[in-house]
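The next block holds one structure in the form of structure tokens; read it before the comments.
There are 2 protein chains.
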Amino acid sequence: MDLKKKRVTIYDIARALNLTASTVSRSLNNNSRINEETRKQVIAKAREMNYRANSLASNLRKGKSQTIGIVVPRINQSFFSNVIAGIESITNEKNYNLIICQSNESHEKEIKCVNTLINQHVDCIVISVSAEGDDYTHLQNVIDHHIRLIQFDRVVEEIESLKVVNNNEQASREAVEHLIKAGYKRIALLAGPQNLDIFRDRKAGYLKALRANKVPVADELILDADSNNEHDAELIRSLLTLPNPPDAVFASRDDFLALGVLEVANDLGIKVPEQLGICGYSNENFTRITTPSLTTIDQYGVDMGKTIAQTYFELDDKNDETAIEIKTTSIKPKLIARASSQRK
Amino acid sequence: MDLKKKRVTIYDIARALNLTASTVSRSLNNNSRINEETRKQVIAKAREMNYRANSLASNLRKGKSQTIGIVVPRINQSFFSNVIAGIESITNEKNYNLIICQSNESHEKEIKCVNTLINQHVDCIVISVSAEGDDYTHLQNVIDHHIRLIQFDRVVEEIESLKVVNNNEQASREAVEHLIKAGYKRIALLAGPQNLDIFRDRKAGYLKALRANKVPVADELILDADSNNEHDAELIRSLLTLPNPPDAVFASRDDFLALGVLEVANDLGIKVPEQLGICGYSNENFTRITTPSLTTIDQYGVDMGKTIAQTYFELDDKNDETAIEIKTTSIKPKLIARASSQRK
DNA sequence: CTGAAAGCGCTTACAG
DNA sequence: CTGAAAGCGCTTACAG
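Protein sequence lines correspond, in order, to chains G and H. So for the first sequence, UniProt numbering puts the first residue at 1; every next one is plus one. So for the second sequence, UniProt numbering puts the first residue at 1; every next one is plus one.
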């Protein structure tokens, strides 16, 4: 006993107007040569009957969905929500839809998201991979199903796709040189999960900065933080209570880790920035409002998002699958020097 | 010249196995009485051929999409991202998909989001309306198209749908009574846009608290803040520089406004909490880390999200459209008293 | 347990 | 400019 009334279809409109579904469809999509009079009638009747197109049907027929799927670790981190906003600003004009999914940093969930998007026949999948995991056949799968793949920020090098990234190595190098210039001598690195390229690059930038400035590299000052905030405090505490502790920390994983450093330092009675300099990564909103405010690196998320969408539409215009250059677009991030890294 | 190879369909699998599409479909959906041997063969072959179901087709055929659409003002505000996380935790188990849209506080964009979701044939739309706007025919439209509508937090009373809300009046009353008990005497209210129920309720709670405690109501201490952060600073400055200024502010719109109060106070050299008490709303992540930390109200976003999803599935189980009670579930929010409201 | 057939709501060559 | 017909990839009553 299904009481649901059925929705109005183009056939209902056609019947009401003594036309065929073909004509109704053409009128609604203001496509080919249609009598202007007919079109107006159809549009009016459609409105009157409160008609809504069935995207499932039209997408199935057309073989494309005008939809872009986005997979990010977390939608509520500034960087990712900025990228999403950037993408949206472009797709809105083009009347494309966005399906946003979050992997919650779980590799398993990420695979699920990607598979769902493949099933939904999205035209493009935009992804920044989760910290876990090392098997990327699900990304290859996207390509194999003829869906455009665009990776950003946390990209998997060996998967051949369009990529939009920051120059992480350079930004990290600048950040560490900034700390050196501020007079810090024992600069620790809290690195992100080293299975991801971006975090390896940041570590490389750190090492280059030290070497270029003849600052000795101390292995005990280099620690890997996983993506799980719960373990941050212990890790930081172990670092700051070393017999010969650091006088600065570059929390290259993200600002949440930098905030953790600030909090543990407060806890231990270590003065920031006098006794300890801190630099984070990502320019999260909160970095501006801590005391002292946190030095960090802005990744230009909105610009990255726009670039991603533009890249997609450029290729879509060409529509020539053989000619895709697997190009990587790099955006230069910017050091935001604030109080946490400036000794009086 | 379309070079796209076509995807594998159930017909391809059927052909490879000398079966019919019917049998393949049944095997893949492990539905009815299918020979276990056949099923195993089909599954194996599907995997071998890298088959992916076409959700567009199956949803079109089934007339439902196992998808829930969510429309929120902003995905990167703690409260909304918590609600989304809560919904996700339930829908994940049930293998439902989520389409997340943000209205960016624009009424026009909200209408566009809702219409897109209607066209996509989602089974349910979960929405918290934007601050702008007073015409809600787009919500009525959802119902008219036999899509389940669930409103939360910022609900429109006159639209008959399921609603999951906080008791805003009570929470606000408690917040203001907390300020009174802390010794503040001239408590200002920065209210949110008064076209929305929740902000009217919060104002009502404020007024009740004052009256119940025989604190005089001063009209010049009650200001409406719109949803646009850009105007906050001026508004706050005008309030704090009154000839007879307030000694506390309840920023009932949200914590961003409370943060603005803290910043303007710092600017003006007004000491918080000694000279000025502050209370915000929503328990944004950053409220914990300001100096002083901000008193606020936790809305239990994750719980609200879970309740929303559970409510949907309960009704879905009944599947009896006539018997829907248009019930409203209310969740009691909780005052989080921190340093910004506690005089030494 | 399996097959043949219809149909979900569209769009689009093909005719006229 | 409009119509008739096929088909997108599935699912599901109806037979057997």
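Beta carbons: idealized from backbone N, C-alpha and C, even for Gly.
> Using a Cβ cut-off of 9 angstroms, which residues of the segment 138-166 of chain G contact any Cβ in chain H, in chain order?
Replying inline: Against chain H - using a Cβ distance shorter than 9 angstroms - the residues of the segment 138-166 of chain G are Asn141, Asp144, His145, His146.
> Leaving out the 5 sequence neighbours to the left and right, which residues in its chain are closer than 6 angstroms to Thr49 (chain H) when beta-carbon positions are compared?
Replying inline: For clarity, residue 49 (chain H) is Met in the given sequence; the question names Thr instead. For Met49 (chain H), where only same-chain residues beyond five positions count, the Cβ hits under 6 angstroms are Val8.
> Looking at Val114 (chain G) and Phe152 (chain G), is the spacing between their C-beta atoms short of 8 angstroms?
Replying inline: No, the Cβ-Cβ distance between Phe152 (chain G) and Val114 (chain G) is not below 8 angstroms.
> So the beta strand (DSSP E) Arg237 (chain G) belongs to, where does it begin and stop?
Replying inline: It is not in any beta strand (DSSP E) - Arg237 (chain G) instead sits in the alpha helix (DSSP H) that spans 232-240.
> Are the beta-carbon atoms of Val164 (chain H) and Ile297 (chain H) separated by less than 8 angstroms?
Replying inline: no
> Does the Cβ of Ala212 (chain G) have 16 or more other Cβ atoms within 10 Å, making it buried, or fewer, making it exposed?
Replying inline: exposed
> Are there 16 or more other CB atoms within 10 angstroms of the CB of Glu174 (chain H), so buried, or fewer, so exposed?
Replying inline: Its Cβ being crowded by 16 or more others within 10 Å, Glu174 (chain H) is buried.
> When you compare each of G:Ala188, G:Ser27, G:Ala204 to Leu240 (chain G) by their alpha carbons, which one comes out closest?
Replying inline: G:Ala188
> Is DSSP giving Lys203 (chain H) helix, strand or coil here?
Replying inline: helix
> Sorted by chain position, which residues of the same chain lie with C-beta nearer than 6 angstroms to Ala21 (chain G)'s C-beta, five sequence neighbours on each side aside?
Replying inline: Ile10, Tyr11, Ala14
>> Could you tell me the alpha carbon to alpha carbon distance between Asp2 (chain G) and Tyr136 (chain G), rounded to whole angstroms?
In response: Here the model assigns Asp2 (chain G) a pLDDT of 36, short of 50, so the residue's position is not dependable, and the following value carries that caveat. Those two C-alpha atoms are separated by around 44 angstroms.
>> Distance check for Thr329 (chain H) and Gly301 (chain H), CA to CA, integer angstroms please.
In response: 13 angstroms
> Going by alpha carbons, who is nearest to Gln140 (chain G) out of G:Ile150, G:Glu132, G:Ser252?
Replying inline: G:Ile150
>> Along the chain, where does the beta strand (DSSP E) containing Val126 (chain G) start, and where does it finish?
In response: 124-127
> Nearest chain H C-beta to Ser341 (chain G) closer than 8 angstroms, yes or no?
Replying inline: no
> Shorter than 8 angstroms from the beta carbon of Ala53 (chain G) to some beta carbon of chain H?
Replying inline: Chain H contact via Cβ: present.
> Since Ile143 (chain G) is in the alpha helix (DSSP H), which residue starts that stretch and which ends it?
Replying inline: Where Ile143 (chain G) is concerned, the enclosing alpha helix (DSSP H) stretches over 137-144.
>> Count Cβ pairs between the segment 177-184 of chain G and the segment 217-229 of chain G that sit closer than 8 angstroms; are there 3 or more?
In response: Taking 8 angstroms as the limit for Cβ pairs, the verdict is that the segment 217-229 of chain G does not touch the segment 177-184 of chain G.
>> By DSSP's criteria, Ala251 (chain G) is part of a beta bridge. Which residues make up the other side?
In response: G:Leu190
> Quick one: is Thr295 (chain H) near chain G, going by C-beta distance under 8 angstroms?
Replying inline: no
>> Closest to Lys271 (chain H) by C-alpha separation, out of H:Gln342, H:Leu315, H:Ala337, H:Tyr281, would be which residue?
In response: H:Gln342
>> Which of the three DSSP states is assigned to Gly133 (chain H) in this structure?
In response: Reduced to three states, the DSSP call for Gly133 (chain H) is coil.
>> Using 8 angstroms for Cβ pairs, my map puts Ile147 (chain G) next to Val122 (chain G). What's the rounded Cβ distance?
In response: 6 angstroms
>> According to DSSP, simplified to helix, strand and coil, what is Lys163 (chain G)?
In response: strand
>> Let me check one thing: in DSSP terms, what residues is Ile70 (chain H) bridge-paired to?
In response: DSSP, once it has assigned bridges, lists H:Ile100, H:Val126 as partnering Ile70 (chain H).
> CA-CA distance, Val24 (chain H) and Val42 (chain H)?
Replying inline: 6 angstroms
> Which whole-angstrom value is the C-beta distance of Ile278 (chain H) and Leu268 (chain H), which I expect to be below 8 angstroms?
Replying inline: At roughly 13 angstroms, the Cβ-Cβ gap does not stay under 8 angstroms, so Ile278 (chain H) and Leu268 (chain H) are not in contact.
>> Taking a contact to mean a Cβ-Cβ separation below 8 angstroms, would you say Val217 (chain H) touches Ile180 (chain H) in this structure?
In response: No. Outside cutoff.
>> For a contact defined as C-beta to C-beta under 9 angstroms, what are the partners of residue 350 (chain G) on chain H?
In response: Since the first and last residues shown for chain G are 1 and 344, residue 350 (chain G) lies out of range.
> Which residue or residues does DSSP assign as beta-bridge partners of Asp298 (chain G)?
Replying inline: G:Lys334
> Is it true that the CB of Ile289 (chain G) sits closer than 8 angstroms to the CB of Thr290 (chain H)?
Replying inline: yes
>> Helix, strand or coil for Arg148 (chain H)? Go by DSSP, reduced to three states.
In response: In the three-state reduction of the DSSP assignment, Arg148 (chain H) falls in the strand class, which pools E and B.
> Based on the DSSP secondary-structure assignment, which residues constitute the bridge partners of Thr328 (chain H)?
Replying inline: H:Lys163
> Going by DSSP, what residues sit across from Gly277 (chain H) in a beta bridge?
Replying inline: H:Ala248
> So is Ala251 (chain G) buried or exposed if we call it buried at 16+ other beta carbons inside 10 Å?
Replying inline: buried
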